[in-house]
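Number of protein chains: 4
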Amino acid sequence: MFFKKIHSEGLAQLSYIVGDANSAFVVDPRRDCEIYREIADREGVQITHIFETHRNEDFVIGSCDLAAMTGATIYHGGRLDFHYGEITREGDQFEFGAIQVRVLETPGHTDESISLVLADTDFSREPLAVFTGDALFIGDVGRTDFFPERAEEVAGLLYDSLFDKLLPLGDGVLIYPAHGAGSVCGSGMATREFSSLGFERRFNPALQVQNKQEFIQKKVAEAHYTPPYFKQMEKFNLKGQPPLARLPRPRPLSPKQMSAEIEKGLLLLDTRSPEAYSGASIPGSLAIPLEMIPAYAGWFLEPDQPIGLVVQQVSDVARAVRYLVRVGYENVLGFLDEGLHAWEISGKSYQNIPSLYAGDLKKRLAQDHPPTLLDVRKQSEVDQGHLPGSLHIFLGELPTKQDQIPKDRPVVTFCGSGQRAIIAASILMRQGFTEVENCLGSMAACKVLGCRIVS
Amino acid sequence: MFFKKIHSEGLAQLSYIVGDANSAFVVDPRRDCEIYREIADREGVQITHIFETHRNEDFVIGSCDLAAMTGATIYHGGRLDFHYGEITREGDQFEFGAIQVRVLETPGHTDESISLVLADTDFSREPLAVFTGDALFIGDVGRTDFFPERAEEVAGLLYDSLFDKLLPLGDGVLIYPAHGAGSVCGSGMATREFSSLGFERRFNPALQVQNKQEFIQKKVAEAHYTPPYFKQMEKFNLKGQPPLARLPRPRPLSPKQMSAEIEKGLLLLDTRSPEAYSGASIPGSLAIPLEMIPAYAGWFLEPDQPIGLVVQQVSDVARAVRYLVRVGYENVLGFLDEGLHAWEISGKSYQNIPSLYAGDLKKRLAQDHPPTLLDVRKQSEVDQGHLPGSLHIFLGELPTKQDQIPKDRPVVTFCGSGQRAIIAASILMRQGFTEVENCLGSMAACKVLGCRIVS
Amino acid sequence: MFFKKIHSEGLAQLSYIVGDANSAFVVDPRRDCEIYREIADREGVQITHIFETHRNEDFVIGSCDLAAMTGATIYHGGRLDFHYGEITREGDQFEFGAIQVRVLETPGHTDESISLVLADTDFSREPLAVFTGDALFIGDVGRTDFFPERAEEVAGLLYDSLFDKLLPLGDGVLIYPAHGAGSVCGSGMATREFSSLGFERRFNPALQVQNKQEFIQKKVAEAHYTPPYFKQMEKFNLKGQPPLARLPRPRPLSPKQMSAEIEKGLLLLDTRSPEAYSGASIPGSLAIPLEMIPAYAGWFLEPDQPIGLVVQQVSDVARAVRYLVRVGYENVLGFLDEGLHAWEISGKSYQNIPSLYAGDLKKRLAQDHPPTLLDVRKQSEVDQGHLPGSLHIFLGELPTKQDQIPKDRPVVTFCGSGQRAIIAASILMRQGFTEVENCLGSMAACKVLGCRIVS
Amino acid sequence: MFFKKIHSEGLAQLSYIVGDANSAFVVDPRRDCEIYREIADREGVQITHIFETHRNEDFVIGSCDLAAMTGATIYHGGRLDFHYGEITREGDQFEFGAIQVRVLETPGHTDESISLVLADTDFSREPLAVFTGDALFIGDVGRTDFFPERAEEVAGLLYDSLFDKLLPLGDGVLIYPAHGAGSVCGSGMATREFSSLGFERRFNPALQVQNKQEFIQKKVAEAHYTPPYFKQMEKFNLKGQPPLARLPRPRPLSPKQMSAEIEKGLLLLDTRSPEAYSGASIPGSLAIPLEMIPAYAGWFLEPDQPIGLVVQQVSDVARAVRYLVRVGYENVLGFLDEGLHAWEISGKSYQNIPSLYAGDLKKRLAQDHPPTLLDVRKQSEVDQGHLPGSLHIFLGELPTKQDQIPKDRPVVTFCGSGQRAIIAASILMRQGFTEVENCLGSMAACKVLGCRIVS
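Residue numbers (the working numbering), protein chains in the order written: chain A, 347 to 801; chain B, 347 to 801; chain C, 347 to 801; chain D, 347 to 801.
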């Protein structure tokens with residue numbers, strides 16, 4: 347019996363391939379799904395089943411790609427009318443050598459959500475582990491804000507799934523959720539990726555409620571952000587996105603070629619570090635540091651928009667492409683050959699965004715005519731503490747809310763550590779703001795420096 | 347928090363590196379320990395602690411190597427007088443970021459055995475997982491046959507460790523043992539490498555006893571083989587084997603050079619497949635197919651003996667070296683350059699060992715003057731069923747018991763599938779037997795073919 | 347300026363990617379052409395031109411695949427009516443940064459053969475190097491036996507190409523041919539892959555002639571073998587083979603599944619070593635050791651025939667697939683999961699082919715009733731020396747000439763070292779011969795042992 | 347016969363491993379010499395000879411390391427009293443299978459310089475190729491400025507070596523020099539790494555002289571920079587640097603740990619891109635972008651100085667270490683864990699260096715109170731054209747000549763493209779200059795923008 351967890355960075359999405367004897371199944375495959383095939387080949391098994399724990403909204407599921415590659419059959423829960431795959435219902439059982447998988451319907455996060463109970467029949471048919479999808483995470487439970495008009499109902503459904511279906515499987519049952527820390531699908535998740543129902547029952551904060559009513563109240567009161575690309579993902583994952591023959595392979599483009607593509611509507615995505623973007627960047631480009639693409643591209647990129655990349659090094663191109671494809675952006679045309687250096691020596695103009703040390707920020711805010719301090723963190727973070735006098739606009743909403751920012755003074759972008767702030771700075775520059783600075787270090791540095799923080 | 351399990355093939359030894367924030371610890375490192383350093387570098391942590399769950403007897407522990415490489419401190423249990431490292435006792439605690447490790451003394455397998463209880467203090471100081479060393483495996487418990495004169499006492503100690511120390515940690519606690527299926531340290535282990543105390547409590551066969559007395563009786567009645575190299579490992583692991591500057595790098599040797607080394611006492615170890623060894627092999631060579639080295643080299647190789655390799659392909663050399671070094675054989679002088687092909691075209695003589703199809707074996711055994719059928723499996727396997735009329739000598743004991751084999755007729759070596767049988771065949775050839783055949787497929791094929799099996 | 351030579355093993359085919367500034371060209375790409383794209387990406391250039399020095403007959407050219415992947419334009423010589431690509435003629439020039447490429451028509455091997463003269467215009471427009479295709483090799487010149495009815499004419503054309511076009515480029519010009527040692531396109535090639543026109547002019551044996559007449563006589567007198575798949579390659583390379591979306595990915599098949607496919611017509615190709623095949627192999631399988639596939643598969647496999655693989659290790663599958671695809675076999679259905687071991691334990695029958703040490707062969711041949719010694723080397727090798735009394739049938743012609751072999755006595759297959767002899771042995775077994783032995787070591791060992799050799 | 351050229355980036359140093367049958371030799375191995383061993387293993391040969399074409403001054407030769415690893419013997423020319431290895435003299439011959447190597451004494455660059463003539467005795471004992479060390483490059487010849495008091499003499503020696511020894515080997519002889527384009531050992535080298543004596547004879551600018559007198563005049567008139575570390579390299583390479591057991595492995599250091607080391611004298615080397623350094627950097631750090639380390643570290647680092655690294659990504663650490671070790675800096679203590687981001691969030695202060703677009707520079711220079719434009723290129727580059735009014739100090743000499751820079755106005759650093767200028771900017775910041783800007787794009791951009799250039 348083999349068991350591999352595949353952690354897809356950025357999305358913090360967890361998928362699994364598990365097999366025994368000659369066959370294997372995959373739970374919630376990602377789009378760039380070659381990896382499952384490679385593992386299966388190495389283990390000498392055929393992937394025969396693909397299970398989707400639910401219709402995902404934060405990435406394009408790779409089921410159709412993997413099915414095309416392997417001939418496996420796709421299974422989902424029955425309470426949503428998928429345009430592809432087979433339906434599986436409570437109690438259905440599947441065998442893979444000594445492994446038995448049993449389906450448990452666990453609605454709440456979505457109606458069609460299922461969990462998969464795994465047994466090792468060499469020892470017992472009793473539950474050994476459970477794939478919980480977005481119902482139960484390690485340290486948190488799934489969001490229930492996707493059906494605002496049914497808010498209480500779906501929170502109640504999740505309660506039942508957790509307390510009447512999952513926890514009763516037994517304390518000793520290991521859990522394997524669909525996301526880890528860093529996902530937009532929950533905020534309290536542990537950085538740790540191993541746990542048991544027993545540990546969660548006792549120590550998962552979201553499960554420490556007196557009764558269903560309290561659980562529902564808490565869930566309904568939660569505030570989550572929903573990036574615009576979620577709608578697109580839901581469409582893709584309902585109808586089944588056509589398999590990619592291969593990952594897009596952007597071409598190297600000279601500054602001249604890139605400029606021509608920009609004229610024709612290409613969006614230039616700069617994936618370099620915040621420091622490098624600060625030092626020099628191409629006017630009009632959008633900064634999203636490489637590892638932040640999965641979490642933030644979906645807020646700012648249009649479906650089908652042609653994309654060009656500015657990278658630190660050529661090997662970043664393939665990684666950026668993976669990240670973009672996972673969230674549904676396949677039209678990655680090219681990358682700037684030889685990087686920003688090529689642009690600089692081409693004589694084309696570039697911008698720079700001064701980095702503002704938190705110690706200096708502190709002084710500037712205390713002086714007359716302070717800059718606008720634009721805090722782009724989430725509401726929940728702001729609630730826990732912010733610098734007095736800061737203006738809060740959540741990063742994802744900046745493109746639509748930038749009117750709130752005074753035009754007559756400099757803007758200093760600010761977040762938890764300065765990473766999201768560089769995205770914000772690049773957006774402001776794109777919008778025509780000219781005096782933009784970025785506080786690298788941001789709140790983390792301010793705390794060390796003993797800045798005054800209010801909440 | 348990150349957690350990596352390192353499975354060392356062949357030995358089926360499991361080691362772990364776990365860290366948080368800037369520091370990490372390693373449990374039971376293997377000798378070729380570069381891998382821990384690489385993971386630590388990638389995760390941006392320093393390895394500061396090395397824990398040995400007990401003085402291992404089946405491989406050379408890599409603690410001293412890893413300590414030399416990283417500056418980490420080594421910790422063992424206190425009931426053995428190690429010549430290196432620090433002593434840690436029941437209740438000692440160590441912190442690595444949010445991780446807390448607490449020591450539990452769990453004697454039985456050996457007196458100084460400890461277990462390490464892990465907590466994630468971001469959630470609770472209650473146990474989350476436990477490293478159980480050779481006390482508790484997935485599907486089995488540790489051997490207690492190393493102190494024959496104290497057999498009942500140590501079995502009782504293990505009972506107490508299991509039932510009074512480990513199981514009370516709670517059903518929801520995940521377990522991480524020091525070995526998986528295929529290890530010589532236990533025979534009933536699951537092929538699966540994940541479980542919880544709850545699952546083991548209910549379904550681990552070795553834990554299904556009425557009381558301590560029954561447990562002790564069962565343990566005392568167990569029969570285990572103890573390869574001769576265990577003594578050497580115990581010595582090494584007590585005194586602390588000097589770190590290897592680097593893994594040995596055997597030189598390519600021409601047939602002529604290899605012959606000269608053989609004259610001087612080199613043992614030629616042929617790591618190719620059973621089929622290739624059958625097809626053509628060098629007289630006097632010992633066959634141990636590559637992946638079987640960790641399990642069988644220690645039965646047949648002398649400490650310090652110079653070793654030469656015959657490999658299928660050059661990349662096998664490095665793997666063979668790893669396997670040998672792990673069990674204490676560092677004197678790997680060279681490998682046959684260009685493989686057996688070079689030998690063949692050099693005009694030197696070679697032998698072949700006919701493979702005997704189980705269907706033909708069946709016929710031969712039914713005829714007059716049947717060959718000696720030499721079954722080299724373990725006693726426990728033979729007890730479960732063997733071909734009538736077969737002669738049983740366990741593979742590891744073949745060099746000392748070959749007098750039992752009649753010299754006046756052909757010998758067919760036989761095991762579970764034909765792999766161990768090729769080792770046996772090569773040993774017989776070395777001993778001067780001339781009519782040796784090997785039954786590839788062996789018992790597995792016989793079962794399919796409906797051969798008569800007695801037990 | 348960068349320059350990479352890609353040596354494709356087995357075929358000993360040499361292709362080249364050369365570039366400067368932003369663009370690059372490829373000469374004679376192989377079918378699995380990802381490698382050129384990777385190099386181009388790493389160097390930051392676009393592949394804009396693909397040159398074919400001639401319509402190849404020994405492998406499927408990768409031009410169409412590479413063009414589909416990169417958008418590059420394909421160029422050939424004008425004296426053959428290709429169904430794809432552009433025509434380029436004597437004197438045409440192409441620029442890639444400081445690189446200039448000039449076309450030279452060099453017929454003889456084929457009518458449309460061209461050479462490509464490279465200059466580094468940073469230094470001079472005079473020739474620096476030349477890609478000679480199959481006109482001039484290092485140590486040999488191209489075959490001229492493809493147009494038997496025009497034998498003298500084409501040999502004369504080659505003479506003119508060599509002496510009037512290539513050599514006059516100057517002694518200091520480096521040469522880059524389309525094949526290296528081991529190719530079926532020439533027999534006298536150096537194992538070395540670097541030379542100059544000056545060195546070849548003086549020391550290439552094929553160029554040491556007094557005049558055109560002598561050159562023609564020599565060429566016309568040459569004997570070459572032409573494998574049947576050449577016809578297929580010529581067709582493919584004339585019309586342009588449709589690009590492969592990806593390399594075939596054979597599935598792991600259990601012994602039972604493999605048997606079922608064999609029933610349906612699959613050919614089982616065993617790519618393991620001669621020793622392993624000797625030790626145990628599946629009845630009906632064809633032995634072609636992995637690295638010999640490019641040279642020998644084309645003699646024995648039918649176009650479009652479904653192929654199954656027996657491999658030593660899973661990683662050999664991908665390599666075997668590459669080798670097969672290069673010579674036009676794309677229908678690789680599956681490989682035997684877990685290798686021959688799976689077959690053995692499945693209870694299915696297997697054969698073995700005794701290996702015969704040359705020393706023992708010598709004795710056997712001297713006794714009464716000697717076996718048939720079947721020498722499968724090329725005529726040219728046999729002419730240089732063979733064992734007295736041997737029967738010569740060239741390996742490639744064995745399937746059609748096996749009637750010449752007496753059925754009433756054992757056959758010992760024999761070649762230069764025992765590698766081709768195992769292929770021959772497997773063919774004889776497929777044809778129903780039952781007493782087949784293989785002389786590993788063959789002629790090489792016989793020479794060392796001082797066997798009598800006649801010529 | 348196999349032949350591999352190893353290009354060591356940054357140094358643009360070329361070393362070679364060549365072998366046949368069972369043995370191989372290496373010419374001018376680099377310090378991190380594992381690569382030769384790996385190639386030798388793959389090719390199945392033993393490295394038996396190491397040739398040094400001369401005592402190198404720009405890097406630490408790896409002969410002693412490679413000899414320790416392989417047991418090979420080291421050979422140098424006889425006109426310098428090396429403390430290790432063997433002497434070889436004009437006419438000495440060595441055989442490696444069919445390869446013959448013959449020694450040619452070719453003094454000039456240094457007195458003990460030798461060249462190695464290679465023949466392929468399968469074809470002829472006449473020269474096929476020649477390893478020319480620092481005597482003859484592709485497109486240039488060696489420096490002769492290391493013995494200023496013997497300037498004319500050594501230039502004359504080189505003339506004789508070139509015209510009386512090397513060129514007479516014949517036009518068709520391939521050449522393999524010790525350096526390629528980008529090396530500090532010559533300025534006119536081709537980017538191309540293949541040529542012949544014939545091509546060089548006709549087109550190498552340095553060889554286009556009427557007579558010895560003209561050659562000497564030209565050489566004596568050349569101006570070369572000699573970095574201070576050359577002295578150290580000469581010492582190391584004369585006495586033989588003790589082999590490294592392994593490459594240094596710097597530890598991850600937190601900002602706090604790094605600060606403590608800086609207090610104790612560690613030099614912080616920032617290897618990130620010029621843009622990233624501009625965006626934010628640690629006060630006191632020295633910027634040398636990763637790929638520029640081999641060329642520039644030797645100008646600014648003291649022997650034995652403890653070094654800390656700031657890198658873009660962890661994998662850069664190993665590369666930086668290689669580069670440093672090659673030029674003799676082995677004391678690499680640590681790297682900033684989690685990179686500059688960790689520093690920023692630690693609350694420690696950082697600096698930034700505004701990037702100045704060439705278009706804006708042009709305007710600034712035309713206004714009143716222009717900044718000092720500090721051109722740090724080589725004299726030869728400045729001679730070919732510079733912006734009017736710029737102050738020239740060669741980068742390598744900046745630490746000792748910074749008094750020449752006015753303190754009362756901003757400084758804009760400037761070079762060919764902005765890369766060396768960032769090093770200069772970091773040096774000025776270290777020296778206490780506060781208003782420093784860097785012109786990314788520098789002269790390259792100025793040319794495109796049509797700035798006025800004088801020479």
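All C-beta atoms, glycine included, are put in the ideal place defined by N, C-alpha and C.
Between residue i and residue j, what straight-line distance do the alpha-carbon atoms span, to the nearest angstrom?
i      : j      : result
D517/D : D486/D : 17 Å
S624/D : L786/D : 10 Å
G762/B : K724/B : 10 Å
L412/D : P375/D : 8 Å
P640/A : G674/A : 10 Å
L636/B : I385/A : 22 Å
E472/B : G424/A : 39 Å
E538/B : F545/A : At residue 538/B the sequence reads Arg, which differs from the Glu that was named. In a straight line, the C-alpha of R538/B is about 21 Å away from that of F545/A.
K747/D : Y571/D : 15 Å
In the DSSP output, what is residue i paired with across the bridge?
i      : result
P523/B : G479/B
A633/C : D616/C
Is it right to say residue i is buried, meaning 16 or more other beta carbons lie within 10 angstroms of its own, or is it exposed?
i      : result
I561/C : A small correction: the amino acid at residue 561/C is Phe; Ile does not occupy that position in the sequence shown. Its Cβ being crowded by 16 or more others within 10 Å, F561/C is buried.
P573/C : buried
G611/D : exposed
Q578/C : buried
E380/B : exposed
P588/B : exposed
Checklist line | Given 8 Å, three or more beta-carbon pairs between the stretch 617-628 of chain D and the stretch 655-667 of chain D | finding: Flag = yes, the stretch 617-628 of chain D and the stretch 655-667 of chain D touch.
Note to self: Across the stretch 462-482 of chain B and the stretch 445-452 of chain B, are there enough close Cβ pairs to call them in contact, namely three or more that are closer than 8 Å?
What the structure shows: Yes, they touch.
Next item on the list: Count the C-beta pairs between the stretch 688-706 of chain D and the stretch 408-421 of chain B that are closer than 8 Å, then say yes if the count reaches three, no if not.
Entry: Judged by Cβ distances under 8 Å, the stretch 688-706 of chain D makes no contact with the stretch 408-421 of chain B, as fewer than three pairs qualify.
Notebook entry, point to check: With a cut-off of 8 Å, do at least 3 Cβ pairs link the stretch 363-383 of chain A to the stretch 393-411 of chain A?
Noted result: Yes: at least three Cβ pairs fall under 8 Å.
Next item on the list: Could you pull out every unbroken alpha helix (DSSP H) segment of at least 4 residues lying fully inside the stretch 698-741 of chain C, listed in chain order?
Entry: Taking only runs of at least 4 residues, the alpha helix (DSSP H) segments lying wholly in the stretch 698-741 of chain C are 704-712, 725-729.
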